[in-house]
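The block underneath contains the structure these notes are about, expressed in structure tokens.
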Amino acid sequence: MYPSRSKISLDVKFSWLIILVGILFTLSLQKYTQGGVFFSGDGGLKALLSQQLAAGNWHFDLRLSAPDWVVELWKQGLYPFTPPYVYERFDHYFITFPFPFPALTSIFYSVLGYWGLYVVPLLALWLIWLRLFQIGRQLKWRADVLAIALSILIFASPLTLYGAMYWEHTLAVSLAFWGITILLWPKGATTSNIQVFLSGSLIGFAVWFRSEFICLAAIVVGLTLWQWVSPKMLSWLPILHGKGHLFISGLLLSMLAFFGLNQMIYGHFLGIHALQVVEESSISQQLSQAMANYQQLLNALIKYFPFTLWVLTIAVLTGFSKPRDFRYQIITIWLILLLFTLAVPLIIPPGAGGKQWGARFYLILVPLLTLIGGTYINQVLTRLRGWRYYLTISSLTIVFLAGAYLNVYNGTVANYRDRATTSVSLSRNYGPIAPAITAITGHSSPYIAMSHQFVAQQLWVATPEKTFFLTESTSDVQQLANGLYQQGYSQFLYVCYPHRPCPTPEEPAENLVVSSKKTLLQLKFSSLGTFGKYPVYDVMISQL
Numbered sequence: 001m002y003p004s005r006s007k008i009s010l011d012v013k014f015s016w017l018i019i020l021v022g023i024l025f026t027l028s029l030q031k032y033t034q035g036g037v038f039f040s041g042d043g044g045l046k047a048l049l050s051q052q053l054a055a056g057n058w059h060f061d062l063r064l065s066a067p068d069w070v071v072e073l074w075k076q077g078l079y080p081f082t083p084p085y086v087y088e089r090f091d092h093y094f095i096t097f098p099f100p101f102p103a104l105t106s107i108f109y110s111v112l113g114y115w116g117l118y119v120v121p122l123l124a125l126w127l128i129w130l131r132l133f134q135i136g137r138q139l140k141w142r143a144d145v146l147a148i149a150l151s152i153l154i155f156a157s158p159l160t161l162y163g164a165m166y167w168e169h170t171l172a173v174s175l176a177f178w179g180i181t182i183l184l185w186p187k188g189a190t191t192s193n194i195q196v197f198l199s200g201s202l203i204g205f206a207v208w209f210r211s212e213f214i215c216l217a218a219i220v221v222g223l224t225l226w227q228w229v230s231p232k233m234l235s236w237l238p239i240l241h242g243k244g245h246l247f248i249s250g251l252l253l254s255m256l257a258f259f260g261l262n263q264m265i266y267g268h269f270l271g272i273h274a275l276q277v278v279e280e281s282s283i284s285q286q287l288s289q290a291m292a293n294y295q296q297l298l299n300a301l302i303k304y305f306p307f308t309l310w311v312l313t314i315a316v317l318t319g320f321s322k323p324r325d326f327r328y329q330i331i332t333i334w335l336i337l338l339l340f341t342l343a344v345p346l347i348i349p350p351g352a353g354g355k356q357w358g359a360r361f362y363l364i365l366v367p368l369l370t371l372i373g374g375t376y377i378n379q380v381l382t383r384l385r386g387w388r389y390y391l392t393i394s395s396l397t398i399v400f401l402a403g404a405y406l407n408v409y410n411g412t413v414a415n416y417r418d419r420a421t422t423s424v425s426l427s428r429n430y431g432p433i434a435p436a437i438t439a440i441t442g443h444s445s446p447y448i449a450m451s452h453q454f455v456a457q458q459l460w461v462a463t464p465e466k467t468f469f470l471t472e473s474t475s476d477v478q479q480l481a482n483g484l485y486q487q488g489y490s491q492f493l494y495v496c497y498p499h500r501p502c503p504t505p506e507e508p509a510e511n512l513v514v515s516s517k518k519t520l521l522q523l524k525f526s527s528l529g530t531f532g533k534y535p536v537y538d539v540m541i542s543q544l
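Under the working numbering, the first residue of the sequence shown is numbered 1, with each subsequent residue one higher.
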């Protein structure tokens with residue numbers, strides 16, 4: 001017998017409890033960031049700029065504090081960072097990532113120190129949950145349906161883990177999700193002028209933080225213009241209707257402000273990050289790698305957010321528009337999802353994002369699919385009877401458990417790595433890095449040579465009293481030793497990056513002789529051990 005609505009319905013307070021548990025869960029994940037460990041070396045570069053801005057040095061090029069003789073060594077080829085992560089333009093060094101995220105997080109860093117870096121990712125994530133809760137209440141979802149949707153979004157999706165990463169993904173997704181949903185589901189009976197303008201502005205601001213959201217901006221602007229040109233063809237589109245100019249104005253003003261600032265800071269309106277794609281990759285290269293990007297992103301989306309398959313299955317069975325009360329809004333979101341899915345792999349770099357969790361370039365799809373799925377669930381559970389009802393509940397349970405296992409267990413405590421999607425758990429990322437930070441912090445040597453720039457990207461923020469030099473070859477090490485000896489130093493540390501060649505410590509003694517102003521110097525490498533994943537050597541400089 002089909003259960004009565006009163007028996008299966010939960011109090012809405014249960015949804016608040018789920019959100020509270022989610023907040024506590026994300027706070028607990030911060031243990032994987034303690035001590036200055038970043039999930040990605042990209043975060044280390046952004047944090048260096050954020051530290052600089054928090055100290056009152058409001059320049060958006062990277063200005064590492066160092067004595068003049070160190071700066072001279074850097075200019076001679078030992079600068080710790082190189083393209084495609086840091087570019088030299090106009091005699092200044094710029095990190096490849098957009099400036100707004102380090103600038104915004106520097107505010108919290110100046111107040112809370114290192115933990116302030118994670119305030120924005122966490123708040124943005126929680127605001128996504130809050131918005132789904134608001135929409136569910138606004139659409140009069142049953143309380144049990146709202147609880148199911150929130151549980152899936154919080155515990156069975158890859159999005160939540162990004163609250164424990166110093167990355168701008170949750171902020172960009174939050175801005176875009178709020179922008180889209182304000183437009184499609186306004187608070188009042190109709191969308192006000194302010195809401196339309198705000199919606200466009202929020203989507204435009206998402207571009208400030210993540211370049212792939214240019215695709216979303218282009219899609220919604222394209223739909224708006226199409227509705228203007230062919231109002232009858234898109235008469236079903238439940239947006240704008242005479243207010244398109246306000247929407248486009250809000251979106252374009254926010255984007256143009258960003259492009260203008262980029263032009264002032266970098267000398268290019270697209271910024272440094274976009275130069276990687278626009279100037280260093282041809283159209284043919286982008287198209288040739290797009291298929292590999294499609295495969296990896298779609299594989300990661302479905303694997304780490306299995307609710308995607310459930311929503312697609314229900315959508316196919318119901319003709320993509322079964323929820324009659326919100327048919328046009330649902331169709332609009334499906335259209336945005338399809339176009340965004342097709343567009344993004346065309347503009348992103350090869351490898352579809354490097355180390356990540358799930359499909360980071362597709363993260364905006366997660367709350368949108370959850371919203372669509374919640375609408376379908378509400379319709380289905382209200383109308384189905386008998387075995388169909390229990391089959392739906394069973395399938396949702398399986399999907400939730402699969403997603404929760406992958407994201408809550410594999411994504412956090414398990415020593416997990418997925419080569420196919422380049423996904424790495426928080427635990428697996430943290431374990432090999434934290435011991436190296438402890439070891440280097442405790443060593444008295446202020447100068448560190450490294451075989452690859454990834455070492456400094458990951459370790460420098462946690463060891464600000466150290467100075468790093470990029471020494472990819474034995475001749476680079478000799479050059480550094482000569483410079484240090486002339487300044488009165490007879491010792492430095494050498495750190496190998498384990499996933500790239502690091503031959504210098506194994507060189508025979510005769511290859512480690514340096515001539516410094518007619519004085520021959522001998523370099524002696526002594527292994528201090530491997531700390532986490534990093535082999536560390538003590539290097540002594542002595543006269544022959």
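Backbone N, C-alpha and C fix where the C-beta goes; we use that ideal spot for every residue, glycine too.
When DSSP builds the beta bridges, which residues end up paired with residue i?
i      : result
Gln562 : Outside the displayed span of the chain (1 to 544) sits residue 562, for which this structure offers no information.
Gly529 : Val536
Leu520 : Ser515
Leu470 : Met450
His92  : Arg89
Ser65  : Partner(s): none; Ser65 has no beta bridge.
Leu493 : Ile448, Asp538
Gln30  : In the DSSP output, where bridge partners are listed per residue, Gln30 has none listed.
Gln543 : Leu521
To the nearest angstrom, how far is it from the Cα of residue i to the Cα of residue j?
i      : j      : result
Leu521 : His92  : 34 Å
Arg5   : Ser199 : Reliability fails at Arg5, whose pLDDT of 44 lies under 50, so the model's placement of it is uncertain and no value is given.
Pro80  : Met450 : 8 Å
Pro505 : Gln296 : 37 Å
Met1   : Pro306 : Only weak support is given to the placement of Met1: the predicted model assigns it a pLDDT of 38, under 50, and the value that follows is read from those uncertain coordinates. Near 29 Å, if we compare the C-alpha coordinates of Pro306 and Met1.
Trp329 : Leu401 : The displayed chain sequence assigns Gln, not Trp, to residue 329. Taking the straight line from one Cα to the other gives about 29 Å.
Ala439 : Ala343 : 45 Å
Tyr85  : Ile393 : 47 Å
Lys533 : Gln457 : 15 Å
Ala292 : Val408 : 28 Å
Leu338 : Leu369 : 11 Å
Leu309 : Val229 : 35 Å
Gly36  : Tyr390 : 48 Å
Ala54  : Phe94  : 17 Å
Gln453 : Phe531 : 17 Å
Trp141 : Gly374 : 8 Å
Gly271 : Ser50  : 17 Å
Tyr266 : Leu256 : 15 Å
Asp418 : Asn410 : 10 Å
Pro3   : Pro367 : Any reading at Pro3 is ruled out, since the residue's pLDDT is 43, under 50, leaving its predicted position unreliable.
Thr82  : Pro501 : 17 Å
Trp129 : Leu29  : 17 Å
Report yes if the C-beta distance between residue i and residue j is below 9 Å; otherwise report no.
i      : j      : result
Leu216 : Ile336 : yes
Gly358 : Tyr166 : no
Arg556 : Pro121 : This structure gives no information on residue 556, because the portion of the chain shown stretches from 1 to 544.
Ala143 : Ser15  : yes
Trp178 : Leu161 : no
Leu225 : Gly244 : yes
His169 : Ser211 : no
Tyr497 : Val536 : no
Tyr618 : Arg428 : What is shown of the chain runs 1 to 544, which leaves residue 618 out entirely.
Val539 : Gln491 : yes
Ile372 : Ala315 : yes
Phe269 : Pro100 : no
Leu127 : Phe197 : no
Ile364 : Ala172 : yes
Phe469 : Leu62  : no
Tyr87  : Val461 : no
Leu175 : Phe209 : yes
Ile180 : Ile347 : no
If we count Cβ pairs, one from each stretch, closer than 8 Å, do we get three or more for the region 373–392 versus the region 62–70? no
Could you say if the region 138–155 and the region 8–25 meet the contact criterion of at least three C-beta pairs nearer than 8 Å? yes
What are the uninterrupted segments assigned as alpha helix (DSSP H) that are 4 or more residues long and contained completely in the region 365–427, given in chain order? 365–383, 386–404
So within the region 209–275, which uninterrupted alpha helix (DSSP H) runs reach at least 4 residues, ignoring any that extend past its ends? 213–229, 244–266
Could you tell me which whole alpha helix (DSSP H) segments of length 4 or greater appear in the region 289–361? 307–317, 327–343
Three Cβ pairs or more, each shorter than 8 Å: is that satisfied between the region 470–480 and the region 526–533? no
Are the region 209–229 and the region 186–197 in contact at 8 Å, needing three or more beta carbon pairs? no
Note down, one range per segment and in chain order, each alpha helix (DSSP H) of at least 4 residues found wholly within the region 81–140. 100–112, 119–138
Please specify which runs of the alpha helix (DSSP H), each continuous and at least 4 residues long, are wholly inside the region 163–213, giving them in chain order. 169–184, 193–209
Does the count of Cβ pairs from the region 298–305 and the region 419–429 closer than 8 Å reach three? yes
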